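Protein chains in written order, with our numbering: chain A, 1 to 231; chain B, 1001 to 1231.
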DNA sequence: GAGAGATGTAAGTGAATGCTTACATATGTC
DNA sequence: GACATATGTAAGCATTCACTTACATCTCTC
């Protein structure tokens, strides 16, 4: 071993390789990424990379489960401290839309890379996306679902054929597609001139779709206040 | 030239290669598809394929513009014969959702392949998806937009911050994500047990999101009748 | 029927790809 | 301090890749 390169414990090296692989796989896709690129991005030789991950495919799947574990349980505390109410529902929906409609340069690189991996999974067998949604999205969905049920019971929302569970996933799907739309450098469909108005419209669309009454939305949703709160 | 293979005019051969390439590129992605596979799927030698399309990338982009032209103007007449009204809006939204929520084995293979190409484009630079949306989705969006405006003016819909244009795209985004969700063999998020109920809920969500009043939806939307009409 | 040009293929080409081999250095243990 | 083991690399290996070359056959024109 050349003395120029620091000696590093095995598991830490493993993580560094995974971190680098996330970037490369996200940019190039599975087939587009070469093992040379992957090794170079991690700052190691191919041989060492292949010692940690016997095949390129092993690295890819290891990366996927790594992402699932890393993100899991990140915002459980925030959700736990939130009561089930119309206000919470409005809050959650605004949070989702604002997050998904961030301009691409405001999205941290690792998060963007994760999004690309997820999008790729939809085109492949969907296994990664399925696992990710189950581990990470579930609490979020459950919170929306229970808040929606309370909102309807309290008279803030109407009874409609849209069941709470399905409605919660609809909101998630809708916001995911808003993000997908912005994933290329230039958005596929340019929605509006100003981001803030865009978020506000998306929030209204989602809340109305869930059956929340316009009066209740007006009462609970103050976009500019929310924007300040979350920046 | 071996006598076993029929001689075919150049432009027809070109189309056959494109048809085969659609299948292969959709299944494997750009980097995953090899020129051998592409040629074999088209039933020609690589050399001939390269005579028609100088590089693999040329074939890919030619395929994309081929798809745009092929689909364009397909249902203009149906949309043209539709008046701007709440009924039309309900009809259009149901049509979209029913179409996007078909079980994968009921979606014709070329259409499914096109969807995969589109999804890939979102991960890449989005240029193909952008072109496709402009050429193909525009009329649809415009019809939803104008019908929505009429519905609101007639009192069937409320005035909300969601503008007609944005709302129309929201519906399109929402339905697109429903389809993406079903694109892998097994859906990423299993929404409901029965398809019909799933479509009905999606339609309600979209119409409510646009600001259509529940009473108006109930008046114009009769899922089972629509399902019969369209089968 | 002969020349021209289009349609077609078999058999490569160099370069790149995923992966291995052979070997060197560091570290912990007794 | 020497042995075992883990960390690391340089230099390939066989294969596959996108793409060419050289050549054969068909069809149209005159």
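Cβ coordinates follow ideal geometry from the N, Cα and C atoms, glycine included.
Here the structure is a predicted model, which means the values were calculated and not measured.
Identity of the residue in the options nearest residue i by Cα
{"i": "residue 163 (chain A)", "options": "A:177, A:175, A:147 and A:47", "result": "A:147"}
{"i": "residue 223 (chain A)", "options": "A:211, A:212, A:208 and A:204", "result": "A:204"}
{"i": "residue 1221 (chain B)", "options": "A:196, A:176 and A:160", "result": "A:160"}
{"i": "residue 62 (chain A)", "options": "A:124, A:123 and A:19", "result": "A:19"}
{"i": "residue 1166 (chain B)", "options": "B:1141, B:1153, B:1179 and B:1125", "result": "B:1141"}
{"i": "residue 1113 (chain B)", "options": "B:1032, B:1025, B:1093 and B:1202", "result": "B:1025"}
{"i": "residue 195 (chain A)", "options": "A:120, A:94 and A:13", "result": "A:94"}
{"i": "residue 1198 (chain B)", "options": "B:1227, B:1170, B:1219 and B:1212", "result": "B:1227"}
{"i": "residue 128 (chain A)", "options": "A:137, A:136 and A:118", "result": "A:118"}
{"i": "residue 1068 (chain B)", "options": "B:1136, B:1087, B:1054 and B:1097", "result": "B:1136"}
{"i": "residue 1066 (chain B)", "options": "B:1011, B:1089, B:1082 and B:1107", "result": "B:1011"}
{"i": "residue 155 (chain A)", "options": "A:87, A:176, A:92 and A:82", "result": "A:87"}
{"i": "residue 1041 (chain B)", "options": "B:1052, B:1229, B:1016 and B:1056", "result": "B:1016"}
{"i": "residue 145 (chain A)", "options": "A:59, A:90 and A:56", "result": "A:90"}
{"i": "residue 99 (chain A)", "options": "A:134, A:126 and A:176", "result": "A:176"}
{"i": "residue 70 (chain A)", "options": "A:53, A:110, A:92 and A:55", "result": "A:110"}
{"i": "residue 171 (chain A)", "options": "A:92, A:13 and A:153", "result": "A:92"}
{"i": "residue 1096 (chain B)", "options": "B:1201, B:1213 and B:1219", "result": "B:1201"}
{"i": "residue 101 (chain A)", "options": "A:178, A:64 and A:8", "result": "A:178"}
{"i": "residue 139 (chain A)", "options": "A:108, A:23 and A:168", "result": "A:168"}
{"i": "residue 269 (chain A)", "options": "A:105, A:64, A:181 and A:108", "result": "Residue numbering for chain A in the displayed model covers 1 to 231; residue 269 (chain A) lies beyond these limits and cannot be assessed."}
{"i": "residue 1056 (chain B)", "options": "B:1022, B:1105 and B:1143", "result": "B:1022"}
{"i": "residue 1059 (chain B)", "options": "B:1181, B:1014 and B:1078", "result": "B:1014"}
Cβ of residue i within 7 angstroms of any chain B Cβ
{"i": "residue 134 (chain A)", "result": "no"}
{"i": "residue 174 (chain A)", "result": "yes"}
{"i": "residue 201 (chain A)", "result": "yes"}
{"i": "residue 191 (chain A)", "result": "yes"}
{"i": "residue 130 (chain A)", "result": "yes"}
{"i": "residue 62 (chain A)", "result": "no"}
{"i": "residue 180 (chain A)", "result": "yes"}
{"i": "residue 188 (chain A)", "result": "yes"}
{"i": "residue 123 (chain A)", "result": "yes"}
{"i": "residue 160 (chain A)", "result": "yes"}
{"i": "residue 184 (chain A)", "result": "yes"}
{"i": "residue 272 (chain A)", "result": "Because chain A spans 1 through 231 in this model, residue 272 (chain A) falls outside it and cannot be assessed."}
{"i": "residue 205 (chain A)", "result": "yes"}
{"i": "residue 41 (chain A)", "result": "no"}
{"i": "residue 228 (chain A)", "result": "no"}
{"i": "residue 170 (chain A)", "result": "yes"}
{"i": "residue 59 (chain A)", "result": "no"}
CB contact below 7 angstroms: residue i versus chain A
{"i": "residue 1157 (chain B)", "result": "no"}
{"i": "residue 1082 (chain B)", "result": "no"}
{"i": "residue 1036 (chain B)", "result": "no"}
{"i": "residue 1051 (chain B)", "result": "no"}
{"i": "residue 1105 (chain B)", "result": "no"}
{"i": "residue 1032 (chain B)", "result": "yes"}
{"i": "residue 1214 (chain B)", "result": "yes"}
{"i": "residue 1098 (chain B)", "result": "no"}
{"i": "residue 1078 (chain B)", "result": "no"}
{"i": "residue 1089 (chain B)", "result": "no"}
Contact belief for residue i with residue j at Cβ below 8 angstroms, rounded distance in angstroms
{"i": "residue 123 (chain A)", "j": "residue 1116 (chain B)", "result": "6 angstroms"}
{"i": "residue 209 (chain A)", "j": "residue 1215 (chain B)", "result": "17 angstroms between Cβ atoms; not a contact."}
{"i": "residue 33 (chain A)", "j": "residue 49 (chain A)", "result": "About 12 angstroms; that fails the 8 angstroms criterion."}
{"i": "residue 158 (chain A)", "j": "residue 211 (chain A)", "result": "5 angstroms"}
{"i": "residue 131 (chain A)", "j": "residue 1031 (chain B)", "result": "Not quite, the Cβ-Cβ distance comes to about 24 angstroms (not below 8 angstroms), so this is no contact."}
{"i": "residue 1150 (chain B)", "j": "residue 1085 (chain B)", "result": "6 angstroms"}
{"i": "residue 173 (chain A)", "j": "residue 1174 (chain B)", "result": "7 angstroms"}
{"i": "residue 36 (chain A)", "j": "residue 27 (chain A)", "result": "Incorrect: roughly 14 angstroms between the Cβ atoms, too far for contact."}
Heavy atom of the ligand GTP within 6 angstroms of residue i beta-carbon
{"i": "residue 1061 (chain B)", "result": "The ligand GTP is not part of this structure, which contains no ligands at all."}
At least 3 beta-carbon pairs within less than 8 angstroms: the segment 177 to 188 of chain A vs the segment 1189 to 1196 of chain B: no
Whole alpha helix (DSSP H) elements within the segment 1114 to 1180 of chain B, 4-residue minimum: 1127 to 1132 and 1138 to 1153
Completely contained alpha helix (DSSP H) runs for the segment 1186 to 1229 of chain B, where each covers 4 or more residues: 1195 to 1210 and 1214 to 1220
4 or more residues per run - each alpha helix (DSSP H) lying fully within the segment 1012 to 1046 of chain B: 1035 to 1042
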